[in-house]
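Novice: Structure provided below as structure tokens; questions to follow.
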Amino acid sequence: MASFSAVCELDMACNSSGCESGCYDREKDNGSKISVEDAVAGGGNQESVCVKCKCNEPMTFGDGGSDDGRFCAECFRNNVFGKFRLAVTSHAMITPSDNVLVAFSGGSSSRVALQFVHELQIKALKNYEASRDRSLPVFGVGVAFVDETAAFPALSTETVDASEWIRSTVSSLSPPAKDLHVVPVESVFGSDSLDARDRLVKLLDSVPDDTGKEDLLLHLKMLTLQKVASENGYNRLVVGSCTSRIASHVLSATVKGRGYSLSADIQHVDARWKVPIVLPLRDCVRLEITRLCHLDGLKTVELACRSQCGINDLVSSFVALLQEENPSRECTIVRTAAKLTPFYFNKIPETDDSNVPMATQRRLKRFNLKYDGSMTTEAFCPICNGPLNRSDSSDLDTFEEGQEADVLYAACCSSCRFQILPEDGSYLEQFSSFLPDHMISQVKHQKVDSQAHLREKIKDCLLLDDEEVV
Amino acid sequence: MEAGEAKSKKAGGECFYEVFEEEIHQVIVGNRLFKSGERVAIGASGGKDSTVLAYVLSELNRRHNYGLDLFLLSVDEGITGYRDDSLETVKRNEVQYGLPLQIVSYKDLYGWTMDEIVKMIGLKNNCTFCGVFRRQALDRGAALLKVDKLVTGHNADDIAETVLLNILRGDIARLSRCTSITTGEDGPIPRCKPFKYTYEKEIVMYAYFKKLDYFSTECIYSPNAYRGFAREFIKDLERPRPRAILDIIKSGEDFRIATTTKMPEQGTCERCGYISSQKWCKACVLLEGLNRGLPKMGIGRPRGSGNDQKDTKARSTAKSIESKQCGSLDF
Chain L
815 MASFSAVCEL DMACNSSGCE SGCYDREKDN GSKISVEDAV AGGGNQESVC VKCKCNEPMT
875 FGDGGSDDGR FCAECFRNNV FGKFRLAVTS HAMITPSDNV LVAFSGGSSS RVALQFVHEL
935 QIKALKNYEA SRDRSLPVFG VGVAFVDETA AFPALSTETV DASEWIRSTV SSLSPPAKDL
995 HVVPVESVFG SDSLDARDRL VKLLDSVPDD TGKEDLLLHL KMLTLQKVAS ENGYNRLVVG
1055 SCTSRIASHV LSATVKGRGY SLSADIQHVD ARWKVPIVLP LRDCVRLEIT RLCHLDGLKT
1115 VELACRSQCG INDLVSSFVA LLQEENPSRE CTIVRTAAKL TPFYFNKIPE TDDSNVPMAT
1175 QRRLKRFNLK YDGSMTTEAF CPICNGPLNR SDSSDLDTFE EGQEADVLYA ACCSSCRFQI
1235 LPEDGSYLEQ FSSFLPDHMI SQVKHQKVDS QAHLREKIKD CLLLDDEEVV
Chain E
170 MEAGEAKSKK AGGECFYEVF EEEIHQVIVG NRLFKSGERV AIGASGGKDS TVLAYVLSEL
230 NRRHNYGLDL FLLSVDEGIT GYRDDSLETV KRNEVQYGLP LQIVSYKDLY GWTMDEIVKM
290 IGLKNNCTFC GVFRRQALDR GAALLKVDKL VTGHNADDIA ETVLLNILRG DIARLSRCTS
350 ITTGEDGPIP RCKPFKYTYE KEIVMYAYFK KLDYFSTECI YSPNAYRGFA REFIKDLERP
410 RPRAILDIIK SGEDFRIATT TKMPEQGTCE RCGYISSQKW CKACVLLEGL NRGLPKMGIG
470 RPRGSGNDQK DTKARSTAKS IESKQCGSLD F
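From first to last, the protein sequence lines are chains L and E.
Residues in the first sequence are numbered from 815 upward in steps of one, following this note's numbering.
Residues in the second sequence are numbered from 170 upward in steps of one, following this note's numbering.
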């Protein structure tokens, strides 16, 4: 039986303290001169002055989105960049000695991420050149574009055009110069491009579920990015996921039975990978991002392979519908999910890096922004890298002597088992042979870890060699 | 694959009814929902869920000797043309299943029928009033019957909808409770939902083919309920992937929610003595609003003392925010 909490059932979607996007929240007016009637008129186009700085003329985007015509261009831009910078500093995403790889799809979010990282780098360079002792180095920036032509052969011309455009965009973001890495997604299988392409196609074709196929491709893209990053000396991977994308992910993960691992995917930092992933645009909504692109004349390209199918598409449509009804809904969804407990790896890991400046080290320690990288209390699904809920994963030890395929089945999360692994057990062996080596080696690691984990749990009851037996 | 087909395929051609009944039996036994000798009230609306529940529960009680004393408990919200018809169904069930019936009415308990409430507040927020009142009404009815437990017919679709709703509305505390098969063990009357893993489709099939007597109309005051969004979405999901409904429930069970965020402190209402985390229970707050002609009292975010009726903000909203959300129907 529930007791009635203070939070009424009809809680306004967006609490003033939480959502800092420019969404439609009257209580954040900061004493502006908006009258009730203006608010009703839908966005206050009658105002002649920015509600923040009270001096410049407000910007109108005319896109039908909320909060149009309230802020001037400068305040709007500062607001979005401010959220980016706050995320970067408060989560130690980028520090002076880092080498950062920005995942760039050509879409608006990653374009803004790239732009902002570039501006941060310019600022760091200016400071470096102006400082006398040159104590804080400038972090390095590279850009990666994953070419998915092998998975979508019909889009090959489009993708070639896109990479050309990306090349010229990146070279225009100089100085400081940035390396561009255009990597085909099949490179996770190895360097022999024909063989790799073939394996990719075989792998994807063996997944009957459309949603599973789409998700598997996403996992492969991440592996590709990880490979590029670690082979080229990067120690951070910047991904431009915004609030809106995360809101969709929250719902699609819920719908796929991935409630346990959800909190791992939606934090600012995801360090379960070799190269930790950081999400500096996590607190910005898509509307702000597209408006910023418009404002700053940032060109973007949307490849057709971005369109979704199956469950993912249903979720996107649902979120769009909810947004129509209430533009703050995606903020509320993410805010709710943010109340889930994150994992130990949702922080930058501690490393013994003598290159890290003392000032940075002190600051990171003081704010407890890192974790001890030797902790490994979680087991991970070899396909999606999601932390496994131990209570419902199969007992791996019973598959000690089993076939590799059975071990794969036991090692996967229930969602991947359903939507990615072949339904018919007899195809499992073949499927296993199509997977990239990295995923297979994860299966083996998991077996070892599970032994270690069990031992850790019962160690108090184990006799050590030198203890006397009474 | 359709949910029901999956069941009979699984059973290797066995009768759908047998499989359905056996699964419910397993859920009851596996989750230790009842103890022998308990007096159990079945929340009976006359709809398909509660009719199937009453039918199956009394059948299983007989077949497996649960040793339960079963009763039907019905709530009369005072909705003309809807509730009076469904109550006739429950009265027939009383005779058909041989289970004693107790009816509690909003009019007796609160002095207001839903018809009167809607006349006063319109079709926005009415579900909030009804949900809050119904919960208390069931508890009071259960106390009258002196039962140990309340059973409701909430099915997998209902619970999946509630999980989604709580995510959409930011209610992490409810999110952590809403997937429990038994709730309120530390309160006056624990409640359980034996149909937690049963698809709505299966219940409909069972009721239809067994030719059970039930009333199948939607509440006439519910068209604006926010729950409708979640319901449509789930229906869209069920077509390509029927197991998505159970997957949502699984996610709800697996969400990592710190135990410290779960329960608000429990006390009692100063006005009526009902369980409450605030000075007054929600029903009393709403009633006070109704009786004083202040229908927005208790609706929307708490402002100051709760008696504050500066509604200009609420009224001036271009999009009517309050209207979109139905009361939470967590049980």
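Cβ atoms here follow ideal geometry from the backbone N, Cα and C, with glycine treated the same way.
Below 6 Å CB to CB, which residues in the same chain sit around L/L987 once its five sequence neighbours on both sides are set aside?
Specialist: So the qualifying residues of the chain are H932.
Novice: How many angstroms separate the CA atom of E/N230 from the CA atom of E/S255?
Specialist: If you take the alpha carbons of E/N230 and E/S255, they lie about 25 Å apart.
Novice: Closer than 8 Å, Cβ to any Cβ of chain E: which residues of the stretch 1065 to 1084 of chain L, in chain order?
Specialist: For the stretch 1065 to 1084 of chain L, which is checked against every Cβ of chain E, the residues closer than 8 Å are L1065, A1067, T1068, V1069, K1070, G1071, R1072, G1073, Y1074, L1076, S1077.
Novice: Does chain E have any CB closer than 8 Å to the CB of L/R1096?
Specialist: Chain E, which has no Cβ nearer than 8 Å to the Cβ of L/R1096, makes this no.
Novice: Quick check on DSSP: helix, strand or coil for E/Q271?
Specialist: It is a strand residue.
Novice: What does the alpha-carbon distance come out to for the pair E/L333 and L/P1163?
Specialist: Distance between the alpha carbons of E/L333 and L/P1163: 33 Å.
Novice: By the DSSP assignment, the beta strand (DSSP E) with E/I426 in it spans what residues?
Specialist: Neither: E/I426 is in no beta strand (DSSP E) and is coded neither H nor E.
Novice: Please list, in chain order, all residues of the same chain as E/T386 whose beta carbon is under 7 Å from its beta carbon, the five residues on each side excluded.
Specialist: Excluding residues within five positions, the ones whose Cβ falls inside 7 Å are Y251.
Novice: In the DSSP assignment, what are the bridge partners of L/V997?
Specialist: DSSP output for L/V997 lists L/V960 as bridge partner(s).
Novice: Return the residue from the list E/V188, E/A210, E/E457 that minimises the CA-CA distance to E/A312.
Specialist: With distances taken between Cα atoms, E/A312 lies closest to E/A210.
Novice: Could you give the distance in angstroms between the alpha-carbon of L/V1083 and the alpha-carbon of L/N1160?
Specialist: Those two C-alpha atoms are separated by around 5 Å.
Novice: I need the DSSP call for L/N913, collapsed to helix, strand or coil.
Specialist: DSSP places L/N913 in strand when its eight states are reduced to three.
Novice: Smallest Cα separation from L/Q1081: which of L/A1152, L/L1106, L/S1075?
Specialist: If we check each option's Cα against that of L/Q1081, L/A1152 comes out closest.
Novice: By how many angstroms is the C-alpha of L/T1025 removed from the C-alpha of E/E187?
Specialist: Approximately 34 Å, taken between the alpha carbons.
Novice: Select from E/Y375, E/F378, E/V320 the residue whose C-alpha is nearest the C-alpha of E/T511.
Specialist: Residue 511 of chain E is absent from the structure shown; chain E starts at 170 and stops at 500.
Novice: Does the CB of L/G845 have a neighbour CB from chain E at under 8 Å?
Specialist: Reliability fails at L/G845, whose pLDDT of 35 lies under 50, so the model's placement of it is uncertain and the value that follows must be treated cautiously. Not one chain E Cβ lies under 8 Å of L/G845.
Novice: Spell out the partners DSSP gives E/R360 in its beta bridges.
Specialist: E/L319, E/T352, per the DSSP bridge assignment.
Novice: Is it a yes or a no for the stretch 200 to 217 of chain E touching the stretch 399 to 410 of chain E, going by three-plus beta-carbon pairs under 8 Å?
Specialist: The stretch 200 to 217 of chain E vs the stretch 399 to 410 of chain E: no contact.
Novice: Cβ of L/L1136 less than 8 Å from any chain E Cβ?
Specialist: Chain E, which has a Cβ nearer than 8 Å to the Cβ of L/L1136, makes this yes.
Novice: How should E/H233 be labelled, buried or exposed, when 16 other C-beta atoms within 10 angstroms of its C-beta is the threshold for buried?
Specialist: Flag for E/H233 reads exposed.
Novice: Could you confirm whether any beta carbon from chain E is found closer than 8 Å to the beta carbon of L/F918?
Specialist: False, the Cβ-Cβ gap to chain E never drops below 8 Å.
Novice: Run through chain E and tell me which residues come within less than 8 Å of L/N1203, C-beta to C-beta.
Specialist: Going along chain E in sequence order, the residues near L/N1203 (Cβ under 8 Å) are D423.
Novice: Are the CB atoms of L/D961 and L/V997 nearer to each other than 8 Å?
Specialist: For L/D961 and L/V997, yes; Cβs fall inside 8 Å.
Novice: Whole angstroms are fine: how far does the CA of E/L241 sit from the CA of E/P363?
Specialist: So the two alpha carbons sit approximately 16 Å from each other.
Novice: Taking 8 Å as the CB-CB cut-off, is E/S420 touching chain L?
Specialist: Yes, E/S420 lies at the interface with chain L (some Cβ there is under 8 Å from its Cβ).
Novice: Could you tell me how far apart the beta carbons of E/A306 and E/V259 are, in whole angstroms, since I believe they sit closer than 8 Å?
Specialist: Between E/V259 and E/A306 the Cβ distance is about 14 Å, and since that is not below 8 Å, they are no contact.
Novice: Find out if the Cβ-Cβ distance for the pair E/S391, E/C296 is shorter than 8 Å.
Specialist: A contact, by the Cβ cut-off of 8 Å.
Novice: Please list the terminal residues of the continuous beta strand (DSSP E) segment that includes E/D245.
Specialist: Note, E/D245: beta strand (DSSP E), 238 to 245.
Novice: Run through the DSSP bridge pairs and tell me what L/L1051 is partnered with.
Specialist: The partner list for L/L1051 (beta bridge, DSSP) reads L/L915, L/I1091.
Novice: In this structure, how does DSSP classify L/E1243 when only helix, strand and coil are distinguished?
Specialist: Of the three classes helix, strand and coil, the one that applies to L/E1243 here is helix, per DSSP.
Novice: Kindly indicate the opening and closing residues of the beta strand (DSSP E) around E/V209.
Specialist: E/V209 -> beta strand (DSSP E) spans 208 to 212.
Novice: Under 8 Å between the Cβ atoms of E/L459 and E/I286?
Specialist: Their beta carbons are under 8 Å apart, which means E/L459 touches E/I286 by this criterion.
Novice: How about L/V1148 and L/L1065: do their beta carbons lie closer than 8 Å?
Specialist: Not in contact: L/V1148 and L/L1065 (Cβ atoms no closer than 8 Å).
Novice: To the nearest angstrom, how far is the alpha carbon of E/D218 from that of E/K379?
Specialist: C-alpha separation (whole angstroms): 13 Å.
Novice: Name, please, each residue of chain E whose Cβ falls closer than 8 Å to the Cβ of L/R1143.
Specialist: By Cβ distance, chain E contributes L337.
Novice: Find the residues of chain L that neighbour E/L406, judging by a C-beta separation of less than 8 Å, and give them in chain order.
Specialist: Those within 8 Å of E/L406 in chain L are V1069, I1125, L1128.
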